[in-house]
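Residue numbering for the sequence shown follows the UniProt record's numbering, starting at 1 and increasing by one per position. Every residue, glycine too, gets a C-beta built ideally from N, C-alpha and C.
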Amino acid sequence: RITEDEVKEIITLSASANKLSKITEQAEEYARLIMEELDPGNLGYIELYNLEMLLLQAPSQSVRIGTTNSRNLSQML
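Written out as C-alpha cells, the structure reads:
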C-alpha cells in the first residue's frame, strides 16, 4: 500500500532523475489525480500494483478506470 505523499514522492524522484522540471512542479496535482482515480473510497492509500497497472498502460489504450481516462493520466506523466 502507498499513500498520496508516497505517490507524489515517486513522481518527483522520477521527474528529477529524468530532468523533467514541469512534471516535478506539478507532482502534487498528478498524485492527487492518481489517488482520485485509484482510491475512490478515500481510504488514504492505494495498492502498488494498481499504480503500476495505470502507469504501464500504453498511451493508445482508452481503458476507463473511473471518471478519468487513464490514457490522459499516463500522457500527463
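Considering Asp39, what are the terminal residues of the alpha helix (DSSP H) in which it resides?
As a working note, residue 39 is residue 39 in the sequence shown. Here Asp39 belongs to no alpha helix (DSSP H), and DSSP marks it neither H nor E.
Close-in-space but distant-in-sequence residues of the same chain around Thr67 (CB under 6 Å, 5 per side omitted):
Here residue 67 is taken as the residue at index 67 of the sequence shown, counted from 1. Residue placement at Thr67 is poorly supported in this model, since its pLDDT is 48, which falls under 50; the coordinates are not used for a value here.
Residues bridged to Ile2 (per DSSP):
Taking the first residue of the sequence shown as position 1, residue 2 is located at position 2. Under the DSSP definition of a beta bridge, Ile2 partners with Ile46.
Closest residue to residue 94 among Leu33, Leu43, Lys8 and Ile34 (Cα-Cα distance):
The requested residue 94 does not occur in the structure, where the chain is confined to residues 1 to 77.
Since Lys22 is in the alpha helix (DSSP H), which residue starts that stretch and which ends it?
Here residue 22 corresponds to residue number 22 of the sequence shown, with the count starting at 1. First-last of the alpha helix (DSSP H) with Lys22: Ser21 to Glu25.
Go through its chain and collect everything with a Cβ distance to Asn50's Cβ below 6 Å, but skip five positions before and after it.
As a first step, residue 50 must be located in the sequence shown, where it is residue number 50. Closer than 6 Å at Cβ, skipping near neighbours: Leu38.
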